[in-house]
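In what follows, a single structure is set out as structure tokens and then discussed.
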Amino acid sequence: MNSQTRMVEVRTKILKDNDAVARKLRQRFHDSGVFVVSLVSSPGSGKTMFLEKTLLALREKYRVAALVGDLATDNDARRLARAEVPVKQISTGTVCHLEAQMIENSLSEWNIDQLDFLFIENVGNLVCPATYDLGEDLRLVLFSVTEGEDKPRKYPTIFNTADIAVISKMDLAEAVEFDLPAARASIEAVRPAMQTIELSAKTGAGMEVWFQLLQSRQSESRQSVPQ
Amino acid sequence: MHELSIALSIIDIAVEESERRGGAIVHAIHIKLGPLSGVVKEALSSAYLLARESSPFRDSRLVIEETSIIVHCAACQAEGRVESMQLMCCSQCGAPTADVIRGRELEITAMEIEDPSTASNQSALNTVVSHE
């Protein structure tokens, strides 16, 4: 530092803009009575299948919609559209995660007052999405039995920022010799007491546990004030 | 990698701050980075070198202070460190704890700046010196 240089204190969060939009969204979701769930996972963990089955089951009773983040293709959005609920693609281009502003922009044509549940599928990535608040009520992190038991220890931050862990593709557990106690221990190490659901979206095993949890979280949130 | 977009946000904030201070020259930006911020120090340092190229502060430095994870341990009834990010246990008693108090920091704490008037005098002086 030369003599003309001085140090000034600046207390500013680097993601202040994203945080401000996320706060605004959270308030808007709460006011509209829509419960918002985001999904994060690595590519190929079964997020889209899980979401498709979730939309199909919920639409019997609830008004549901989904936003799907993808780098380039609209394959996932087209798959989800088969559930015959409103689905919108967010093309992120080269951006490896969703940001709160992308959510706000993509909701501009939707009347979210008409929804009970909104799902946001993040870009398949276990690193970058951890940093960005999207205004969601609940963040799920999925990892499949084919990815190995130690995934949580390799990506502790995403498990730390998520609310619930889902171990997916349990129907393949035996074939890949998945060690469930080891996987649970791995989650417990990075996030003690994290709620974990083991399921197979394909066979439907464990999905009922997920639906019950989702509905109880939704009714809890309706009685609370957003943070 | 999202570090480039983080680096660009840092530059944006520095530009705002500089404008608020009458166009001060920014020599360095100090930030705090928590282990649970999801941002990697080395990646951010390299990204900053790229981001500053298209900024008014092409010679500025990014000074990164890495913080520790601090949790509240229910067993000890105290705040303390954890074993590691991979083992969220109180480093004193070993009890598992998810009650994170600090460790997600991603914030600018200070800047080293120079007033534009002294900076232009300085560069005028440098010009004279270089002519000799």
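Line by line, the protein sequences give chains A and B. Counting from 1, position 149 in the first sequence corresponds to residue 149 in the numbering used here; the numbering is continuous, with no gaps. Position in the second sequence (from 1) plus 227 gives the number in the numbering used here. Note that the Cβ used here is the ideal one computed from N, Cα and C, for glycine as well.
Would you say S236 of chain B faces chain A, with C-beta separation under 9 Å as the test?
yes
Hey, could you find the ends of the alpha helix (DSSP H) A229 of chain A is sitting in?
There is no way to answer for residue 229 of chain A, as the model of chain A reaches only from 1 to 227.
Kindly indicate the opening and closing residues of the alpha helix (DSSP H) around L271 of chain B.
268-278
Closer than 9 Å by beta-carbon distance: list the chain B residues that pair up with A183 of chain A, in chain order.
What A183 of chain A touches in chain B: nothing, since even the nearest Cβ is about 14 Å away.
Could you check whether the Cβ of R11 of chain A sits closer than 9 Å to any Cβ belonging to chain B?
yes
Where do the N-terminal and C-terminal ends of the beta strand (DSSP E) with E293 of chain B fall, by residue?
That run of the beta strand (DSSP E) goes 288-293.
Starting from the beta carbon of Q313 of chain B, find every residue of chain A whose beta carbon is closer than 7 Å, and list them in chain order.
In chain order: R153, P156, A189, V190.
With DSSP as the reference, label C300 of chain B as helix, strand or coil.
strand
Kindly indicate if chain A contains any beta-carbon less than 9 Å away from that of T336 of chain B.
yes
Once the 5 residues before and after F159 of chain A are set aside, which same chain residues still bring their CB inside 8 Å of it?
These residues qualify, in order along the chain: V141, P152, A165, I187, V190, R191, M194.
Can you tell which of A:T48, A:S216, A:M170, A:E136 has the C-alpha that lies nearest to the C-alpha of A83 of chain A?
A:T48
Helix, strand or coil, according to DSSP, for L352 of chain B in the structure here?
Per-residue confidence for L352 of chain B stands at a pLDDT of 47, beneath the threshold of 50, marking its modelled position as unreliable; the derived number appears in the next sentence. Note: L352 of chain B maps to helix in three-state DSSP.
Hey, is the stretch 258-275 of chain B in contact with the stretch 213-223 of chain A, meaning 3+ C-beta pairs nearer than 8 Å?
no
In chain order, what residues of the same chain have a beta carbon less than 8 Å from the beta carbon of N18 of chain A, not counting five sequence neighbours either side?
E99, A100, Q101, Y132, D133
Please list, in chain order, the residues of the stretch 274-289 of chain B that have any C-beta partner in chain A closer than 9 Å.
none
Compare the C-beta of K16 of chain A with all C-beta atoms of chain B and state if any pair is closer than 9 Å.
yes
Could you confirm whether any beta carbon from chain B is found closer than 9 Å to the beta carbon of A77 of chain A?
no
Suppose you measure from the CA of H30 of chain A to the CA of D76 of chain A; what does that come to, to the nearest Å?
27 Å
Report yes or no: is there a C-beta of chain A within less than 9 Å of the C-beta of S295 of chain B?
no
Look up S232 of chain B in the DSSP assignment and say whether it is helix, strand or coil.
Taken through DSSP and simplified to helix, strand or coil, S232 of chain B comes out as helix.
By DSSP's criteria, M7 of chain A is part of a beta bridge. Which residues make up the other side?
B:E339
With a cut-off of 8 Å on the beta carbons, I'd call F117 of chain A and Y62 of chain A a contact; round off their distance for me.
6 Å
Just reading off the beta strand (DSSP E) that K259 of chain B is part of, what are its end residues?
In this chain, the beta strand (DSSP E) harbouring K259 of chain B covers 252-260.
Against V266 of chain B, what residues of chain A qualify as contacts under a CB-to-CB distance less than 8 Å, listed in chain order?
In chain order: T131.
Please report how far the alpha carbon of S41 of chain A lies from the alpha carbon of I297 of chain B, in whole angstroms.
For the pair S41 of chain A and I297 of chain B, the Cα-to-Cα distance works out to about 26 Å.
Give the interface partners of H97 of chain A over in chain B, defined as CB-CB distance under 7 Å, in chain order.
H229
By the 8 Å beta-carbon criterion, what residues does the stretch 191-210 of chain A contribute toward chain B?
R191, P192, A193, M194
So that I know if they touch, is there some Cβ in chain B lying closer than 9 Å to that of G7 of chain A?
Note that residue 7 of chain A is Met in the sequence shown here, rather than Gly. It does; some Cβ of chain B falls within 9 Å.
When you compare the CB positions of L138 of chain A and V37 of chain A, do they come within less than 9 Å of one another, or not?
yes
Best match in B:R247, B:S232, B:H229 for proximity to D342 of chain B [C-alpha to C-alpha]
B:R247
Determine the closest residue to T146 of chain A out of A:R23, A:G33, A:P43, with distance taken between C-alpha atoms.
A:P43
Whole angstroms are fine: how far does the CA of G124 of chain A sit from the CA of T12 of chain A?
Rounded to whole angstroms, T12 of chain A to G124 of chain A spans 30 Å at the Cα level.
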